[in-house]
Amino acid sequence: MPAPATEADRNAAARETILARVREALQSSAPLPHLKTDLAGEMLGQPVATDSQPAGSSLPLLTVLPETAARPWLPDGGDTVDERLAILTENLKKLRAEVQRVTDLPAAAAVVADLVRERGWQRVAWHQHPLVDSLVADGVTAAGCDGYAVDEPGFDKRQLEACDAGITACEAVVSQTGSILVSSATGGGRGLSILPPVHIVVAPVEAVVATVGDALHLVAQRYAGRLPSLLSFITGPSRTGDIERILVLGAHGPKELIVLLVG
Amino acid sequence: MATVTPPPASAPTRDRIDTADPPASDAKKRFLSDAAAHVRDLGHRLFVRKALGGYYVNRDAYKARYRDWEHARDAASLAKWSAVNRLHELLPQFVANFEAGGGQVHWARDAAEAREIILRLVREAEAKAIVKSKCMTSEEIHLNAALEAEGFGVVESDLGEFIQQLRGEPPYHFVFPCMHVRRDEISELFKQHLGSEPTDSPEELTMIARRYMRQLYVNADVGITGANFLVAETGQVSITENEGNARLTAALPRVHIAISGIEKVVANLDDLAVLLPMLATAGAGQPMTCYNTLYSGPRREGEADGPEAMHLVLLDNSRTALLADPEQRDALHCIRCGACLNVCPIFKNVGGFTYGTTYQGPIGSVITPHLRGLTDWNHLSGASSLCGACTDACPVRIDIHHHLLHNRRNAARTAPSRLEKLGHKVFVQVARRPGLFATGGWLFRHTLGLVKRIKPPLMKQWLDTRDLPSAPSQSFRAAWKSRGR
Ligand code: SF4
Chain B
1 MPAPATEADR NAAARETILA RVREALQSSA PLPHLKTDLA GEMLGQPVAT
51 DSQPAGSSLP LLTVLPETAA RPWLPDGGDT VDERLAILTE NLKKLRAEVQ
101 RVTDLPAAAA VVADLVRERG WQRVAWHQHP LVDSLVADGV TAAGCDGYAV
151 DEPGFDKRQL EACDAGITAC EAVVSQTGSI LVSSATGGGR GLSILPPVHI
201 VVAPVEAVVA TVGDALHLVA QRYAGRLPSL LSFITGPSRT GDIERILVLG
251 AHGPKELIVL LVG
Chain H
1001 MATVTPPPAS APTRDRIDTA DPPASDAKKR FLSDAAAHVR DLGHRLFVRK
1051 ALGGYYVNRD AYKARYRDWE HARDAASLAK WSAVNRLHEL LPQFVANFEA
1101 GGGQVHWARD AAEAREIILR LVREAEAKAI VKSKCMTSEE IHLNAALEAE
1151 GFGVVESDLG EFIQQLRGEP PYHFVFPCMH VRRDEISELF KQHLGSEPTD
1201 SPEELTMIAR RYMRQLYVNA DVGITGANFL VAETGQVSIT ENEGNARLTA
1251 ALPRVHIAIS GIEKVVANLD DLAVLLPMLA TAGAGQPMTC YNTLYSGPRR
1301 EGEADGPEAM HLVLLDNSRT ALLADPEQRD ALHCIRCGAC LNVCPIFKNV
1351 GGFTYGTTYQ GPIGSVITPH LRGLTDWNHL SGASSLCGAC TDACPVRIDI
1401 HHHLLHNRRN AARTAPSRLE KLGHKVFVQV ARRPGLFATG GWLFRHTLGL
1451 VKRIKPPLMK QWLDTRDLPS APSQSFRAAW KSRGR
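Listed in order, the protein sequences are those of chains B and H.
Heads up, the first sequence is in this note's numbering, so the first residue is 1 and it goes up one at a time.
Heads up, the second sequence is in this note's numbering, so the first residue is 1001 and it goes up one at a time.
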């Protein structure tokens, strides 16, 4: 085989080879996995033999999506707002995150101001967002602490690294797993929610959804066709069990996660 | 603030020094001697069991929160089955969507090609410092050795991988890389390489690594990560991790390179919504892994930070060979949760290094013969008690222990053992003749004691670790006759 002239040629050739191998390999059809339930027939929208998919039959396209099918079997996220909040609070506590419900934004700002004073924070990073703005004005600067905004590209990552805490908004909160969904569009980019040692998230109570699937659908709709470059489920403070499988918080990301639910 | 010490050079080991896999021809010999040594190391076995103790408790607690775990496993299994069997459609769909989001895709037929691609990208980025988060695919292609051979310093940022890099060892377990290392060894290691004070607190040790790594993230120009899922519908690369090191690796450096096997594609976000929680519960006893992040390319217009470029290396490296085997195609459903290792009696007794493979444990024993050749790796098919614990644990219902049997059968077909064949022939002849059979039985009953005492060469290894019962005084047939009377 002659050496490909350019990198683009090499890449195209490799692509063709791999896709040809895939097509060739899939000429023969694989049996269905050994399931414990009769789910296969349901999800495939057709009765299927339990053991093998007859050769040459239609593609294994699921007509019922796994999330829809699995929803009743996955952990419960709650049907009503109250149920969801109860499950969420329990989950966050188990994950060793802090959660506080406050009536309105001024009350949230008061919580932040207390934290700033108690901990003696010098500098708190934030990004522009209707919910975050007022927390910073009334909770951070009012308490005599500097704010560091990271909205402009080219902000100094060393400065961000030196901040005592970061405040962000989020896209959604998931009760089922106790996760916060942040994005690079409304979470102050990529670094803010991961680099400072404390992460404060502010979310309206309406942002609490039941399941991981609900949260993903919500953002997919919100950004229809143009998703932010990062979507991240944050489930508790950063952790590791790498040393003798003993849990330690704050491996590389924040040691503390504080969730303020407003409303 | 402490100055940044240069990245640690990893000590030469059989897995990291050369970019080639260790010679496969003596893989079996090495397996047997390593296994024998590990099995006798009671301290090591106890330590590994103890380390896994907390995992069992948490896994059971979180599994209990599923309203129906078995049904959920069926759904997860079907999601992967449908994706793998439609790979010819989903792979191009994923690539088109990922490229539309500004990411660049690089196809690699094998490990050498993947290394070439990454070396070129790193050179083009004029990288001075590279930070890497946990990525088994990069272990598979021996990336660190290739980068170091070209003079690029690369630091593993996952705590476990970092410890293994300092120790000059490959990961012991593909999810818990240093689960075999005691805290005092880690303290000593950090003292030696990072100049830290000795401590026996896992928390303090973690903080030493945290402080060291912080500056590296900020200074690195290239970040390398793995990938757990590729979402075809949206063109997103999904990365699962607990520590936040992958988040940092993909946030701060100018260039992000992700490496993924082609089998990681899933159809859509719905599938992901089932697989993410199940991966965490089965593999680590968590409701969700701490960070599950979906990347759809480099920094977008209007976003505050993120890399200028995102590259994705799509690796075949014999995955299509496994895909071509319909019987074992489901081994490609694996989401690398590690659950099958955690429950495997063989893994717990022989330890992770004995396998000599990138992927250890039951799933490693299934796929390695496909990826690296059945002749040299068939001994792994025997590294199983066939208890089925792995199959029971697998969140996507891969038929793991039956595949080990399939590999044994395939090996017997392609390269039958002469000795086994002869043995079976002799047995058939003897079993057909009742008189000969009885004589054989008599001989066996009367020589068993002697065999146990002298341990003839062929049986020595087996007898060394096993106590045989004493022979019965009469044959079964004789016993049956006297009972009937
Ligand atoms: S084979 Fe199953 S249990 Fe083992 S790592 Fe893969 S997904 Fe997990």
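Built from N, CA and C at the ideal position, the CB exists for glycine as well.
As the structure is a prediction and not an experimental result, all values here were calculated from the model.
- With a cutoff of 7 Å on beta-carbon distance, ALA70(B) and VAL1274(H) are scored as near each other.
- 7 Å or more divides the Cβ of LEU218(B) from the Cβ of ALA169(B).
- Under a criterion of Cβ atoms nearer than 7 Å, no residue of chain H is adjacent to PRO196(B); the nearest Cβ is some 11 Å distant.
- In summary, the residues of the stretch 137-159 of chain B whose CB is separated from some CB of chain H by less than 8 Å are VAL150, ASP151, GLU152, PRO153, PHE155, LYS157 and ARG158, in the order they occur in the chain.
- DSSP, read as helix, strand or coil, puts GLU16(B) in helix.
- Not a single CB atom of chain H sits nearer than 7 Å to the CB of SER175(B).
- In this structure, ligand 1 has no non-hydrogen atom nearer than 6 Å to the beta-carbon of GLY1226(H).
- Between HIS199(B) and chain H, the shortest Cβ-Cβ separation is not below 7 Å.
- Contacts with chain H at 7 Å (Cβ-Cβ) do not include ASP38(B).
- Sequence-distant partners of ALA210(B) (beyond 5 residues in either direction) whose C-beta falls short of 7 Å from its own C-beta, in its chain, are GLY77, GLY78, ARG84, SER175 and GLN176.
- For HIS252(B), a Cβ of chain H is located within less than 7 Å of the residue's own Cβ.
- The beta-carbon of GLU90(B) is placed no less than 7 Å from the nearest beta-carbon of chain H.
- For ARG1254(H), the closest alpha carbon among the candidates MET1288(H), GLU1308(H) and MET1207(H) is that of GLU1308(H).
- Note that the C-beta distance between LEU74(B) and ALA108(B) is not below 7 Å.
- For the pair of segments examined, the stretch 1043-1060 of chain H was found not to touch the stretch 1365-1379 of chain H: the number of CB pairs separated by less than 8 Å stays below three.
- Within the stretch 1202-1280 of chain H, the complete beta strand (DSSP E) runs of at least 3 residues fall at 1222-1225, 1229-1231, 1236-1241 and 1255-1261.
- Interface residue (Cβ-Cβ distance to chain B less than 7 Å): GLU1203(H) is classified as such.
- Counting along the chain, ARG1300(H) sits inside no alpha helix (DSSP H), nor does DSSP assign it H or E at all.
- In this structure, the alpha-carbon of ALA1027(H) lies about 10 Å from that of SER1033(H).
- HIS127: these are the residues of the stretch 115-133 of chain B whose beta carbon lies less than 9 Å from some beta carbon of chain H, given in chain order.
- Closest in alpha carbon position to THR103(B), among PRO204(B), ARG239(B) and THR235(B), is PRO204(B).
- TRP126(B) carries a strand assignment under DSSP once its states are collapsed to helix, strand and coil.
- When Cβ-Cβ separations below 7 Å define contact, SER183(B) makes no contact with chain H.
- Around the beta-carbon of PRO237(B), 16 or more other beta-carbon atoms lie within 10 Å, marking it buried.
- In the three-state reduction of the DSSP assignment, ALA1037(H) falls in the helix class.
- ASN1292(H): member of the beta strand (DSSP E) spanning 1291-1295, first to last residue.
- Our two residues, LYS1425(H) and LEU1419(H), have alpha carbons roughly 10 Å apart in a direct line.
- The shortest CA-to-CA distance from PRO1345(H) to any of VAL1313(H), GLY1388(H) and THR1375(H) is the one to GLY1388(H).
- Residue nearest to GLU1148(H) within the set VAL1237(H), GLY1364(H), ILE1118(H) and ALA1232(H) is ILE1118(H) (criterion: CA-CA distance).
- As for any alpha helix (DSSP H) of minimum length 4 sitting wholly inside the stretch 1351-1380 of chain H, the runs are 1361-1372 and 1374-1377, ordered along the chain.
- Residues of chain B whose Cβ lies closer than 9 Å to the Cβ of GLN1236(H) are, in chain order, LEU227 and LEU231.
- According to DSSP, residue pairing for SER1138(H) in a beta bridge does not occur.
- At the C-beta level, SER1381(H) and ILE1259(H) stay beyond 7 Å of one another.
- For GLU256(B), the secondary structure class from DSSP, reduced to helix, strand or coil, is strand.
- When the five nearest sequence neighbours on each side are left out, the beta carbons in the same chain lying within less than 8 Å of the beta carbon of ALA1431(H) are those of PHE1437, in order along the chain.
- The C-alpha of ASP1399(H) lies about 38 Å from the C-alpha of PRO1298(H).
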